[in-house]
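So that you can map any letter, position 374 of the sequence shown is 372 in the working numbering, and since no number is skipped, the others follow by simple counting. Quick reminder that beta carbons are idealized off the backbone N, C-alpha and C, glycines included. To start, the structure itself, in structure tokens.
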Amino acid sequence: MRILLTLVLFFVFQAQAANPAAVRAEHGMVVSRSALASQAGVAIMKSGGNAIDAAVATGFALAVAYPSAGNLGGGGLAVIRLADGTVVTLDHRETAPGKASRDMFLDGNGAVIPGMSRQSHAASGVPGTVDGLLVLLEKYGTKTRQEVMAEAIRLARDGFPLSKDMADQFAEVLGAMRNYPASLAIFTRNGEPYREGDIWKQPDLAQTLERIAEEGRDGFYKGRVADLIVAEMGRGNGLISLEDLANYRSVWREPIHGAYRGHEIWGMPPPSSGGVLIVEMLNMLEPHDLAGLSRDSAPAIHLMIEAERRAYADRSEHLGDPDFFPVPIAKLLSKDYARGRFADFRVDQASPSETIAAGKWPAESLETTHFSVVDAAGNAVALTTTLNSGFGNRIVVTGAGFLLNNEMDDFSIKENTANQYGLIGREANSIESGKRMLSSMSPTIVTKDDKPFLITGSPGGSTIITTVLQVIVNVIDHGMNIADAVARPRYHHQWQPDSVMYDAGAIPPETIKSLEAMGHKGFRMFPFGGLGDANSILIEDGELHGMKDPRNEGLAAGY
Ligand code: GLY
């Protein structure tokens, strides 16, 4: 039996050596999880818009065409590099409602109320996506709201044929939607599951989008849509108030900046943990000759896992919303700190993670979605957006046609208690009214010779950060083209649980044996079809190479 398994894994490993090719283009490129959304973005650039216009068009189109993670009712994070070299980031992460409190998901005995932070009206933070996309457009776009939203409105109003992937996603989530008539009205055809090829229309969502196009942020955060959100809260235990909605604001934040082997890394600062951890891990790796090690060898994977283990341990203690907790960003980013943190690294032995709490692997697929955009002038956008779980808390705002997030679960709802991604946290990420929950979303732009080089990011909860790290290392250290760097099977370690999760074919069987001999343990194949979905663009000699992650549907569209 063991020999058979070894043979199967060997052939999976071999089979994955041949990847689909990247799409090449000269002027502009959008790579996203939805072909319709990528096409909406590229059409805007073809009509004279820039990468920011295209990103906003793609973001609104994803809210229609990829509803498990594209959204109006969630939040996102964006890293933007302008053609003049300026790098900015826009945090449009959700906030805890005004009435939220530290122990809101605990019962009278201090025990976690099962499921409440994920599957209830109270699981929703105040949505940030609409404000974020509109602020991006106002500050750096060139097109009108009507222009960038026209395709999203058309797709919602006239509908589009469902792919098999989408129909399957809907079928899987229907059980979790059974108590929510507005959700069932949208995700079934009169109670029957949709099938591939059915035309899917969303008239309520079309009206909400039209309202936003006409009135701007007030079309969502005030008036009828805000009233509908608050009415929805009243159908359960929801906390979002009219005041919370009116007060929501995106925040421009200083990017995380690091340097790695002649490249500049530009990432998302807290409340994302992604930018800090990626730079911290690259700093730990830099003194080591990763390029001299075969990518799938035990020494290379050991090195990566040990960097991941230490960085994720720092995440649980130090990372949270910087407006509420003093995150030691400069220290975590310093090369001196990384040297000290990695001083106990042993080339031949795993360092066991301390046992602080029983973490667990995720019990659900890891939703969220990332897209990358570049235009002819050299503006670049990396934008990751999420409802947290697939289809958020599965609750559609009655009459407004969009799903709500369950982002409150990204807070540490109780010290050292694992969230859905197995991540644990403490004070830094405790719930407070108005605070942003810690994210792993890691939209990242790498520059070289002061020009955009790599635009990347991924969904995948806690695995986002290690996915992005591997794309960067695959390109910079292992010299891979973008197709191979994205398609290559991945692996993941997050300190707790002390265990390695991997894509089929990511770690050859003999390498697993060597790693186990060093003390690495808990090797588990990822159960949901592939770690991450790293829709990326690489720019070489002025040519754009867009790679849709082959683990999922989507499109690299360029011209
Ligand atoms: N909701 C996933 C994340 O932000 O990390």
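message: Does L104 come out as helix, strand or coil in the three-state DSSP assignment?
response: Reduced to three states, the DSSP call for L104 is strand.
task: From the DSSP output, in three-state form, read off V484 for me.
output: helix
- request: Could you check the C-alpha separation between G357 and F103 for me, to the nearest Å?
  value: Since pLDDT at G357 reaches only 30, below the 50 mark, its modelled position is unreliable, and the value read off the structure follows with that caveat. G357 and F103: Cα-Cα distance of roughly 18 angstroms.
message: Helix, strand or coil for D446? Go by DSSP, reduced to three states.
response: Reading off the sequence shown, one finds Lys at residue 446, where the question assumed Asp. Of the three classes helix, strand and coil, the one that applies to K446 here is strand, per DSSP.
field: Contained beta strand (DSSP E) runs [length at least 3] in the segment 48 to 79, N- to C-terminal order
entry: 73 to 79
message: Taking the alpha-carbon of G68 as reference, which of T56, A204, E315, A298 has the nearest alpha-carbon?
response: T56
message: When you compare the CB positions of P253 and V77, do they come within less than 8 angstroms of one another, or not?
response: yes
- prompt: Would the beta-carbon of T140 be found less than 7 angstroms away from any heavy atom of the ligand GLY?
  reply: no
message: Could you check whether the Cβ of D408 sits closer than 7 angstroms to any heavy atom belonging to the ligand GLY?
response: yes
- request: Put E413 into one of helix, strand or coil per three-state DSSP.
  value: coil
message: Can you tell me whether A554 is buried or exposed? The criterion is at least 16 other CB atoms within 10 Å of its CB, across all chains shown.
response: buried
task: Say whether the segment 23 to 37 touches the segment 59 to 67, bearing in mind that this needs 3 or more beta-carbon pairs closer than 8 angstroms, one atom from each stretch.
output: yes
Residue span of the alpha helix (DSSP H) that contains F185, given as start and end: 179 to 185
Near the ligand GLY: G459 beta-carbon under 7 angstroms from a heavy atom: Yes, the ligand GLY has a heavy atom inside 7 angstroms of this Cβ.
- request: Helix, strand or coil for Y489, going by three-state DSSP, please let me know.
  value: strand
query: What number of angstroms, rounded off, separates the C-alpha of V297 from the C-alpha of A348?
result: Sequence inspection shows Pro at residue 297; the Val mentioned does not correspond to that position. Rounded to whole angstroms, P297 to A348 spans 11 angstroms at the Cα level.
- prompt: Leaving out the 5 sequence neighbours to the left and right, which residues in its chain are closer than 8 angstroms to E541 when beta-carbon positions are compared?
  reply: R22, A23, E24
For H368: DSSP bridge partner residues: T382
Rounded distance between the beta-carbons of H368 and N472, thought under 8 angstroms: With a Cβ gap of about 16 angstroms, N472 and H368 do not count as contacting.
message: Does the segment 201 to 213 come into contact with the segment 397 to 405, if we say contact requires no fewer than three beta-carbon pairs (one atom in each stretch) closer than 8 angstroms?
response: yes
message: Given 7 angstroms as the limit, tell me if T559 has its C-beta closer than that to any heavy atom belonging to the ligand GLY.
response: An answer regarding residue 559 cannot be provided, because it is not within the stretch -1 to 557 covered by the chain.
query: Taking the C-alpha atoms as reference points, what is the distance between A374 and G26?
result: 5 angstroms
field: Assigned exposure category for E92 - 16 Cβ within 10 Å defines buried
entry: With a 10 Å radius around the Cβ and a threshold of 16 neighbouring Cβ atoms, E92 comes out buried.
7 angstroms Cβ shell around Q144 - same chain, five flanking residues per side excluded: For Q144, where only same-chain residues beyond five positions count, the Cβ hits under 7 angstroms are A211.
task: Just grab the DSSP bridge partners of Y246 for me.
output: Answer by DSSP bridge pairing: none, since Y246 is not bridged.
query: Between S370 and G455, which are expected to be in contact by the criterion C-beta below 8 angstroms, what is the C-beta distance as a whole number of angstroms?
result: 7 angstroms
message: Which same chain residues end up closer than 7 angstroms to G217 when comparing Cβ atoms and leaving out the 5 residues on each side of it in sequence?
response: Non-local beta-carbon contacts of G217 in its own chain, meaning distances under 7 angstroms to residues more than five positions away in sequence, involve R209, I210, V223 in chain order.
The beta strand (DSSP E) enclosing M523, as first and last residue numbers: 521 to 523
query: Given that a residue counts as buried once 16 or more other Cβ atoms are within 10 Å of its Cβ, and exposed if not, what is G458?
result: buried
message: What I want to know is whether the C-beta of M266 ends up closer than 7 angstroms to one or more non-hydrogen atoms of the ligand GLY.
response: no
field: For G556, the residue or residues it bridges with in DSSP
entry: Per DSSP, the beta bridge partners of G556 are M27.
- request: Could you tell me whether the segment 384 to 392 touches the segment 188 to 197, using the rule of 3 or more Cβ pairs below 8 angstroms?
  value: no
message: Let's test the definition: count the other Cβ atoms within 10 Å of the Cβ of A361 and tell me whether it reaches 16, buried, or not, exposed.
response: Bear in mind that a pLDDT of 46 at A361, under 50, signals an unreliable position, so the number given afterwards is only what the model happens to contain. So A361 ends up on the exposed side.
query: W442: beta carbon under 7 angstroms from a heavy atom of the ligand GLY?
result: Note that residue 442 corresponds to Thr in the displayed sequence, not to Trp. No, the Cβ of T442 stays beyond 7 angstroms of every heavy atom of the ligand GLY.
- prompt: Candidates M439, L301, G232, N479: which alpha carbon is nearest I535's?
  reply: Checked all of M439, L301, G232, N479; the closest Cα to I535 is N479.
message: Per the DSSP calculation, T93 is bridged to which residue(s)?
response: V124, R434
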